[in-house]
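Below is one structure, written out as C-alpha cells; comments come after it.
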Amino acid sequence: MINAKIVNMTVHDVRFPTTMWRIGGDSMHNCVDHSCTYVILHTNTKYKGYGIAATLGKGNELVVRTCELMLKHVVKRKTEEIYSNFASFWRQLTTDPELRWLGPENGVVHLATAAIVNALWDLWARIENKPLWKLLTDMTPEQLVSTVDFRYIRDVVTEEEAIQMLRRNEPNKKNWEQDLTVTGFPAYTADVGSWHFGNQQIRTVCKKFMKLEFTKFKTCMGRTIPKSNQRCELIRKMIGKMVLMVDANQFWEREQAVAAVKGIDHTQPACIEDPTSSDDVLGHSEVLKALAKLKHPVSVSSGEMCANRVMFKQFLKYDGVDFWNINVGRLGGVNETLAVYFMAKKYNIPVWGHGGGIGLCEMMQHLQMWYSICLNQSDSGVMEFASHQHGYFEDPILIRNAFYVLPSRPGFSTKLKDKCIARWRYPDGTRWKYLFETKFKKNLRERKK
1 MINAKIVNMT
11 VHDVRFPTTM
21 WRIGGDSMHN
31 CVDHSCTYVI
41 LHTNTKYKGY
51 GIAATLGKGN
61 ELVVRTCELM
71 LKHVVKRKTE
81 EIYSNFASFW
91 RQLTTDPELR
101 WLGPENGVVH
111 LATAAIVNAL
121 WDLWARIENK
131 PLWKLLTDMT
141 PEQLVSTVDF
151 RYIRDVVTEE
161 EAIQMLRRNE
171 PNKKNWEQDL
181 TVTGFPAYTA
191 DVGSWHFGNQ
201 QIRTVCKKFM
211 KLEFTKFKTC
221 MGRTIPKSNQ
231 RCELIRKMIG
241 KMVLMVDANQ
251 FWEREQAVAA
261 VKGIDHTQPA
271 CIEDPTSSDD
281 VLGHSEVLKA
291 LAKLKHPVSV
301 SSGEMCANRV
311 MFKQFLKYDG
321 VDFWNINVGR
331 LGGVNETLAV
341 YFMAKKYNIP
351 VWGHGGGIGL
361 CEMMQHLQMW
371 YSICLNQSDS
381 GVMEFASHQH
391 GYFEDPILIR
401 NAFYVLPSRP
411 GFSTKLKDKC
421 IARWRYPDGT
431 RWKYLFETKF
441 KKNLRERKK
C-alpha cells in the first residue's frame, strides 16, 4: 500500500432545493432540502478521499462545523498508521473528550464521524484501485474484522465469532461474486410515495417503475389513517399483486402505529418501516407482536435512524424488528456498519440497505454487495432505490431491470462532480445565488436565516 500522508481536509455544505422540486418529503420531514456534508481528504500523493453524511437543510451546518472541529484527529496522519489499526483510529474519533459529550456516538458528532470515516474508506479503495465492495471482499477475515470496534457489543458478537462467520463462507465467495456480476443486487423503489405527490403523480410513477421491472414499491404513510388508506389503496390498485411496503418515518406513537396499520391491512402491506420513535425498542417490539396477529401479518423494520451499534443490539435483545434497514451515513461510517452486519448474521436478521438521502444509494450498494458475497450468501437481501440527485456523482449508481449493477470504478462512489460543488455549495454556489435573486427570493432568504 502507498503510505500517503493526509495533509488537509476540506468540508463542503452541499444542499439541493428538493422542497422547491417537491421530491423527497415524508410525513415527518415534509418540508426539507436534501443535503450532505461532503468531506475531501487531501494527501501528499495524487490520491484523495471523498466522504458523505446525508443530512437535511440547515442542520447540515452543524455537521460541517463538527467535521472541522475533528480536523486535528485526521491531518498529518499516514494511511498505513490508520488502516493497520482502523478500529483504534475509529475509537479516537468517537471518544474526543469534549465532542463525545454531545453524543455519545450519535447525533451531529456521529454524522460528522461518518463523513470522515467514509472518506477514509474511499481513499483506501482508491489507493488499492478497487471499488469498495471488492476491497472488503478481498480482505482476509482477520484483516476485515480488525477494522471494527467491538466495544459494547461483545455480549452479542465477538471478534472471534465474526472471523469464523467469514471463514465459513470463504469457499463460496467467488460463486456469489460471479452471480452478482451477472444479475446485480435487487432493488425496491421508494419513489412512488413522496409526501408531496398527488394521486396522478402516484399513478404516473407506479407505471414508470413497473415498466422498469420493479416488483417492490414503498410509500410513506400519511399523517392520518384516512390519507394513508387512500394512498395505499391507490398504489395497490396500480401495482396489482406486487409487493407494497409502507414507511411511517417515526410519525406515530405505538398505539397509533398499530391502529394505522390495521386501517390499511386490507391493502396487504408486506411491512412497515419505522412505525414509531427509532429509540423506542420496546415500542417496536409491541408493534411487531400486534401486527403479527393481523389477517394479513405485517413485518416491522427499523434502522435508518438508528445511530449506533448499541441501538441495534437493543433491538436484538428485545425482538424489536423482523429485519434491519441500515444507514452508513448515520452510523459511524463503514466500520460501525460492519459491526451491525456481524450482529445481524449471527442472529439471522435480514439486512436491507437504506438509500433515501444524498449519496446513500451510492454507498450502501457497496456494503450490501459485500454482505451478499461474504456474509449473507442468500437471496434475502434487498436495497432501497431513490431516483434523485445521482447525476451529480462521478460514479453514480446504475440500475438495470430493478437490480443494482456492481460498481467497477475505484472508491466508494462518493465523489461529487466539481460542477456540483460550484453550483450547489451553500450559500455561495452559483445556483443558490441565482435562486436568492429570483422569484424564490423571499422564501429562500427566510430559510437562509
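Heads up, the sequence shown is in full-length UniProt numbering, so the first residue is 1 and it goes up one at a time. In this text, a Cβ means the ideal position worked out from N, Cα and C, and glycines have one as well.
By the C-beta density criterion, residue 201 is exposed, having fewer than 16 other C-beta atoms within 10 angstroms. By the criterion of at least three beta-carbon pairs nearer than 8 Å, the segment 372-387 is not in contact with the segment 410-418.
In this structure, DSSP gives residue 278 a state outside helix and strand, which the three-state scheme calls coil. If you compare the alpha carbons of 381, 216, 55 with that of residue 189, the shortest gap goes to 216. Counting along the chain, residue 247 sits inside the beta strand (DSSP E) bounded by residues 243-247. By the C-beta criterion, the segment 208-215 is judged to be in contact with the segment 398-407, since at least 3 inter-stretch pairs fall below 8 Å. Beta-bridge analysis with DSSP links residue 219 to 193, 246. A Cβ-Cβ contact shorter than 8 Å links residue 177 with residue 137. Here DSSP, grouped into helix, strand and coil, assigns residue 22 to coil. Rounded to whole angstroms, the separation of the alpha carbons of residue 194 and residue 423 is 25 Å. The DSSP assignment places complete alpha helix (DSSP H) segments of no fewer than 4 residues inside the segment 264-319 at 281-291, 309-317, in order along the chain.
Contact between the segment 353-365 and the segment 160-179 is absent: fewer than three C-beta pairs spanning the two stretches fall below 8 Å.
Around the Cβ of residue 171, a 10 Å sphere holds fewer than 16 other Cβ atoms; the residue is exposed.
In the DSSP secondary-structure assignment, residue 36 is bridged to 14, 54. Just measuring C-alpha positions, the residue of 254, 268, 371 sitting nearest residue 218 is 268. The segment 102-109 makes no contact with the segment 31-41: fewer than 3 CB pairs, one atom from each, lie closer than 8 Å.
Straight-line measurement puts the Cα of residue 128 at about 8 Å from the Cα of residue 135.
Under the Cβ criterion (8 Å, minimum of three pairs), the segment 109-124 counts as touching the segment 67-75.
Relative to the Cα of residue 142, the nearest Cα in the group 133, 130, 152, 160 belongs to 160. Residue 42 is bridged by DSSP to 8, 48. Counting only the Cα atoms, residue 60 lies some 20 Å from residue 101. Non-local C-beta neighbours of residue 225 in its own chain, meaning closer than 6 Å and more than five positions away in sequence, comprise 260, 263, ordered along the chain. Shown here, residue 115 sits in a helix according to DSSP, grouped into three states. Counting C-beta pairs with one atom in each stretch, the segment 334-345 and the segment 366-375 have three or more that are closer than 8 Å, which means they touch. In the DSSP annotation of this structure, the continuous segment of the alpha helix (DSSP H) that includes residue 363 starts and ends at 360-370. In the DSSP annotation of this structure, the continuous segment of the beta strand (DSSP E) that includes residue 324 starts and ends at 323-326.
Residue burial is scored here from C-beta neighbours: residue 232 has at least 16 other C-beta atoms within 10 angstroms and is therefore classed as buried. DSSP places residue 59 in the uninterrupted alpha helix (DSSP H) bounded by 59-69. An exposed status is given to residue 98, since fewer than 16 other beta-carbon atoms sit within 10 Å of its beta-carbon. Note that the C-beta distance between residue 14 and residue 431 is not below 8 Å. Burial is judged here by how many other beta carbons sit within 10 angstroms of a residue's own beta carbon; residue 122 has at least 16 and is buried.
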